[in-house]
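Okay, structure first, notes after.
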Amino acid sequence: AFMFSSGLVPSNKNFHFKKKKMCTLAFLGLFRTFSLKSLNYSEHASEYGIHWNFFLTLLFAEIFVKVWRKVFGEISPVKSVFAFLTFHWILNATFGGRKFVFEAERSGSFFRANREGILGLFGYTTFFFFGEMTKTYILIFKTAKAKISFGLIILSFSFASLRFLSEFVFQESPSRRLLNFPFLFLCASLNTAALSVFSLASVFFQKAKKRLFFCEIFGRNFVQIFLFANILTGSVNLAVDTLDVKAENAA
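The opening residue of the sequence shown carries number 22 in my numbering; numbering runs sequentially from there.
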């Protein structure tokens, strides 16, 4: 959702802003890695790997987008989605796909230790272009919010159809670790469905002459809220051995 939103919201083209953003992501990525290792924080290597994390994924996805636009200019988001889906499929096929991700040893190299995070980079960048593609689609309807809501519902069903089609073609279910086509289309479908709900709520509250203050708060401060939520989650995991909590207590 974070990557999708990044593509959906118009990017700030100011060079100093982008430089500051990338430096911040690099700092957060390295700080998170070193702090978690020093605290002996329990984490699942199957999420991003041993040393990798979400902030490093955001950083490299930002670099990929920057290089892509430097080479090809303001290319259509649809073409960008198709290209990065192809890159993602080729990269995973080259290294053995499911067998490598699920069965390979962690030892031996930095790449093996962090294969989920590194192999997933093209997939996460695809999320960004999914967001851009949705933004382009929304702009067709301009300010007609009811039409935007209806268009988002159609787009959500389209992504859902592609999800089931890719499951049939590749004979695999959505996988967070593989970031395979069914998972990518599933997430795109869920994000556009959520947008359609917010859009319909906006239409309703506009007619009632009320404002969605919680949407404005989250919209303007989503990075701060995301970081705060991460800190709260980390605090709980440090205070409680969540990996060894019994099922009845966890419920």
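For each residue, glycine too, the CB sits at the ideal point set by N, CA and C.
Buried or exposed (CB count within 10 angstroms, at least 16 for buried), residue i
i: valine 122; result: buried
i: serine 210; result: buried
i: leucine 176; result: buried
i: isoleucine 238; result: exposed
i: arginine 197; result: exposed
i: valine 102; result: buried
i: alanine 134; result: buried
i: arginine 53; result: buried
i: glutamate 126; result: exposed
i: glycine 94; result: exposed
i: leucine 248; result: exposed
i: glycine 117; result: exposed
i: leucine 199; result: buried
i: serine 220; result: buried
i: threonine 147; result: buried
Residues near residue i by beta carbon distance below 7 angstroms, same chain, minus five either side
i: phenylalanine 206; result: Phe180, Leu183, Arg184 and Ser187
i: methionine 154; result: Pro98, Val99 and Val102
i: tyrosine 151; result: Contrary to the premise, residue 151 reads as phenylalanine rather than tyrosine in this sequence. Within the same chain, phenylalanine 151 has close Cβ partners Phe25, Gly28, Val102 and Ala209.
i: alanine 214; result: Ser177
i: asparagine 212; result: Ala22 and Phe25
i: leucine 112; result: Leu140 and Phe143
i: glutamate 68; result: Glu137
i: asparagine 74; result: Gly50, Arg53 and Thr54
Contact set for residue i: own chain, Cβ-Cβ below 8 angstroms, skip 5 residues either direction
i: serine 194; result: Glu188 and Pro203
i: leucine 60; result: Leu259
i: arginine 241; result: none
i: leucine 46; result: Phe76, Leu77, Leu79, Leu80 and Glu83
i: phenylalanine 191; result: Asn201, Phe202 and Pro203
Expected contact under 8 angstroms - CB spacing of residue i and residue j to nearest Å
i: alanine 82; j: phenylalanine 149; result: 6 angstroms
i: glutamate 137; j: glycine 70; result: 5 angstroms
Cβ-based neighbour list, residue i, same chain, cut-off 6 angstroms, excluding 5 preceding and 5 following
i: lysine 156; result: Leu29
i: leucine 216; result: Leu173
i: histidine 72; result: Thr54 and Asn135
i: lysine 58; result: none
Measuring CB atoms only, is the segment 37 to 45 touching the segment 104 to 120, in the sense that at least three cross pairs come out at less than 8 angstroms? Because the criterion of three Cβ pairs below 8 angstroms is not met, the segment 37 to 45 and the segment 104 to 120 do not touch.
So, does the segment 77 to 84 touch the segment 128 to 145, judging by three or more C-beta pairs under 8 angstroms? Verdict: yes, contact present.
Across the segment 55 to 65 and the segment 87 to 106, are there enough close Cβ pairs to call them in contact, namely three or more that are closer than 8 angstroms? The segment 55 to 65 is not in contact with the segment 87 to 106.
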